[in-house]
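Report on the following structure.
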Amino acid sequence: MKSGYPQNLKAKTQKPFSRLGLFGGTFNPIHYGHLRSAEEVVEALQLNQLWFMPAAVPPHKAPPDLTPFPVRLAMTRLAVGRHPVLKVSDVEGRRPGKSYSVETLRFLKEELPPDCELFFILGLDAILEIQTWKDYRELFHLCHFVVLDRPGFDRSLLQEVLLKEVHHDIQPLADQTGFIHPSGYRILFQATTLLDISATRIRRLTREGRSSRYLLPERVRRFILRNKLYLDNCQ
Ligand code: ATP
C-alpha cells in the first residue's frame with residue numbers, strides 16, 4: 025500500500041481514478057459543515073473520490089494544546105465510516121514538521137497516476153488568506169481549487185486577492201463560476217448548503233458542558249465525551 029493512501033484503499037488493486045478531491049483541515053473535530061460540503065462537491069464535480077486529510081501540524085493552528093493528530097484522524101475516520109467515495113488519508117501524519125499543503129500536493133502528484141486531476145477543496149475564508157501559505161503560488165500549478173462559501177465572507181473579494189497575490193493574469197471564467205490561472209488550473213466557486221458550524225464552537229460547547237448534538241456525527245460526539253476531549257481551556 026502506498027503511503028498516505030486511505031486505509032482501505034490498495035493502490036495496486038484499486039481502479040485508477042481520474043478526479044480526486046482533497047479536503048485539508050485541522051478537523052478538531054470534523055463536523056457536518058465539512059461533511060455536507062464534501063458530499064455536495066463530490067456530486068457537483070463528479071469526483072471519483074474525496075480524501076479528508078487532517079493536518080498533523082497545522083501551520084496556522086498549532087497551539088501547544090492542539091488535540092493530537094491520531095485523535096483527530098480517528099474522529100475523521102469515525103465520521104466518514106464506510107462511505108463509498110469519501111475517504112480519509114493520513115498522508116500529512118507521515119511527514120515530520122508542519123503540514124504544508126504544497127508539500128502534500130507535490131508528494132501526491134508523484135504518487136498518483138499522471139492522469140489523476142486533483143481538486144483542492146477549501147473555504148472562502150481560507151483562500152482569502154492564501155498569501156500566508158508556504159509556496160502558495162506553486163499550488164496553482166498543481167491542482168484546481170474548489171472554494172466553498174462561508175457565512176460572512178464575500179465572493180467578490182477573491183478576484184482581487186488572486187490578481188494581487190497569485191498572478192496578474194488570472195481570468196474570470198465566462199460563466200462566472202470562477203477563474204482560470206495561466207497554468208490552466210481553475211479556481212471554482214462551489215455553492216453548498218451554508219452551515220454555520222465551526223469546530224471552535226463545538227469545542228467551546230463541550231468545555232462548557234453544553235450539547236453539540238446535531239452539529240457533528242453522533243459517533244464523533246460520543247467519542248469526544250468518552251475521551252473527555254476539549255474539557256481544558258483549549259481554543
Ligand atoms: P476551527 O473552528 O477550529 O477554526 P473549522 O471548523 O473552521 O475549525 P477547519 O478544520 O479549520 O474547521 O476547516 C477545514 C476547511 O473546512 C477550511 O478550508 C474551512 O474553510 C472549511 N470549513 C470549516 N467549516 C466549514 C463549514 N461549516 N462549511 C464549509 N466549510 C467549512
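The opening position of the sequence shown corresponds to residue 25 in my numbering, with each subsequent residue numbered one higher. We put the beta carbon where it would ideally sit given N, CA and C, even for glycine.
### Task
For I267, verify whether its CB is less than 8 Å away from any heavy atom of ligand 1.
Residue 267 lies beyond the stretch modelled for the chain, which goes from 25 to 259, so this question has no answer here.
### Query
Mind checking T37: buried by the 16 CB within 10 Å criterion, or exposed?
Confidence in T37 is poor, its pLDDT being 46 and thus under 50, which makes the residue's placement unreliable; the coordinate value appears in the next sentence. Counting Cβ neighbours within 10 Å, T37 comes out exposed, since fewer than 16 surround it.
### Task
Answer with buried or exposed for T201, where buried requires no fewer than 16 other C-beta atoms within 10 angstroms of its C-beta.
exposed
### Message
I believe F144 touches L46 by the beta-carbon criterion, under 8 Å. Please report the beta-carbon distance rounded to the nearest angstrom.
### Response
5 Å
### Task
Would you give the residue range spanned by the beta strand (DSSP E) that I211 belongs to?
R210 to Q214
### Candidates R161, G147, I154 and L102: closest to D193 by CA position
R161
### Task
Look up L197 in the DSSP assignment and say whether it is helix, strand or coil.
coil
### Message
Measuring straight from C-alpha to C-alpha, what distance separates R210 and I204?
### Response
4 Å
### Message
For a quick check, are the C-beta atoms of G48 and L219 less than 9 Å apart?
### Response
no
### Query
Do G48 and ligand 1 come close, with the Cβ less than 8 Å from some heavy atom?
yes
### Query
Would you report the Cα separation of T156 and D256, rounded to the nearest angstrom?
29 Å
### Task
Assuming L102 contacts V244 (C-beta within less than 8 Å), just tell me the rounded distance between them.
5 Å
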